[in-house]
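**Q** Numbering (this note's numbering), first residue to last: 47 to 224. Beta carbons: idealized from backbone N, C-alpha and C, even for Gly. So that we are looking at the same thing, I have put the structure below in structure tokens.
What follows is the structure, encoded as structure tokens:
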């Protein structure tokens with residue numbers, strides 16, 4: 047407890063299979079004293095919330111299958127990718143600072159890119175700047191390791207250049223370079 051997100055994780059995670067490690071994260075919450083508190087280790091997914099059209103980050107405890115984290119992905123610019131293995135944000139609904147520390151950098155990048163895609167779709171719907179076609183936002187984390195580390199495509203869609211769409215364009219470019 048009180049450690050920076052991600053410290054000491056290599057020792058705890060050695061010996062795991064790649065398939066298990068690819069989805070494995072530690073959940074941290076920032077305490078009032080400024081120290082990060084380890085909330086548990088589990089497996090992260092992005093999926094629809096039951097009975098809703100909202101997509102959420104969900105972390106299920108690896109030992110007892112309890113939900114460690116359920117967070118609706120918002121269009122707001124609250125998420126940050128730190129280093130190669132940490133995604134953090136301030137949850138405005140719960141007034142909490144949270145962080146996910148990933149065991150594998152590829153897994154962190156995969157979740158980050160999917161979160162960015164979801165955010166952009168949500169922002170596009172809010173702005174109404176262009177029609178958003180339904181897409182499956184999340185691909186399987188069971189993809190072969192080399193497919194997660196391939197270079198990014200240089201082609202991606204941007205909305206028309208208008209004052210109202212600048213935040214969407216900026217976010218897409220930001221997600222692309224991260």
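Quick one: measure Cβ to Cβ for residue 142 and residue 134, integer angstroms, because I've assumed they're closer than 8 Å.
**A** Start at 1 with the first residue of the chain shown, and residue 142 comes out as number 96. Start at 1 with the first residue of the chain shown, and residue 134 comes out as number 88. So it is not a contact: roughly 11 Å between Cβ atoms.
**Q** Give the DSSP bridge partners of residue 88, in chain order.
**A** As a first step, residue 88 is located in the chain shown; it is residue number 42 there, counting from the start. Answer by DSSP bridge pairing, in chain order: 71 and 107.
**Q** Any idea which residues DSSP pairs residue 210 with across the strands?
**A** Mapped onto the chain shown, residue 210 falls at position 164. Note: residue 210 sits in no beta bridge, so no partner.
**Q** Whose C-beta lies closer than 8 Å to the C-beta of residue 136 among residues of the same chain, with five residues either side of it excluded?
**A** For the purposes of this step, residue 136 is taken as the residue at position 90 of the chain shown. So the list reads 124, 142, 143 and 144, once near-sequence residues are dropped.
**Q** Which whole-angstrom value describes the C-beta separation of residue 85 and residue 75, a residue pair presumed to lie in contact below a C-beta threshold of 8 Å?
**A** Position 39 of the chain shown, counted from the first residue, corresponds to residue 85. Position 29 of the chain shown, counted from the first residue, corresponds to residue 75. The C-beta distance from residue 85 to residue 75 rounds to 5 Å, short enough to fall under 8 Å.
**Q** Is residue 132 helix, strand or coil when you go by DSSP?
**A** As a first step, residue 132 is located in the chain shown; it is residue number 86 there, counting from the start. Reduced to three states, the DSSP call for residue 132 is strand.
**Q** On the DSSP letters alone, give me the boundaries of the beta strand (DSSP E) that residue 113 sits inside.
**A** Within the chain shown, residue 113 is the residue found at index 67, counting from 1. Where residue 113 is concerned, the enclosing beta strand (DSSP E) stretches over 113-118.
**Q** Helix, strand or coil for residue 6, going by three-state DSSP, please let me know.
**A** Look at the range of the chain in this structure, 47 to 224, and you will see that residue 6 is not part of it.
**Q** Roughly how many whole angstroms lie between the Cα atoms of residue 213 and residue 168?
**A** Counting from 1 along the chain shown, the entry for residue 213 is found at position 167. Counting from 1 along the chain shown, the entry for residue 168 is found at position 122. Straight-line Cα distance between these residues: approximately 12 Å.
**Q** Report yes if the CB atom of residue 90 is closer than 8 Å to the CB atom of residue 146, and no otherwise.
**A** Locating residue 90 in the chain shown gives position 44, counting from the first residue. Locating residue 146 in the chain shown gives position 100, counting from the first residue. A contact, by the Cβ cut-off of 8 Å.
**Q** Excluding five sequence neighbours on each side, which residues of the same chain lie with their C-beta closer than 6 Å to the C-beta of residue 115?
**A** Translated into the one-based positions of the chain shown, residue 115 becomes position 69. Counting only Cβ-Cβ distances below 6 Å, and skipping sequence neighbours, we find 73 and 105.
**Q** Would you grab the beta carbon distance between residue 206 and residue 165 for me? Rounded to a whole angstrom, and I think it's under 8 Å.
**A** Taking the chain shown and counting its residues from 1, one reaches residue 206 at position 160. Taking the chain shown and counting its residues from 1, one reaches residue 165 at position 119. So it is not a contact: roughly 19 Å between Cβ atoms.
**Q** Among the residues of its own chain, which have a CB less than 6 Å from the CB of residue 155, if the five just before and after it don't count?
**A** Looking up residue 155 in the chain shown gives position 109. Cβ neighbours of residue 155 within its own chain (closer than 6 Å, five residues either side excluded): none.
**Q** Tell me, please, which residues DSSP counts as bridged to residue 83.
**A** Translated into the one-based positions of the chain shown, residue 83 becomes position 37. Residue 83 pairs with 75.
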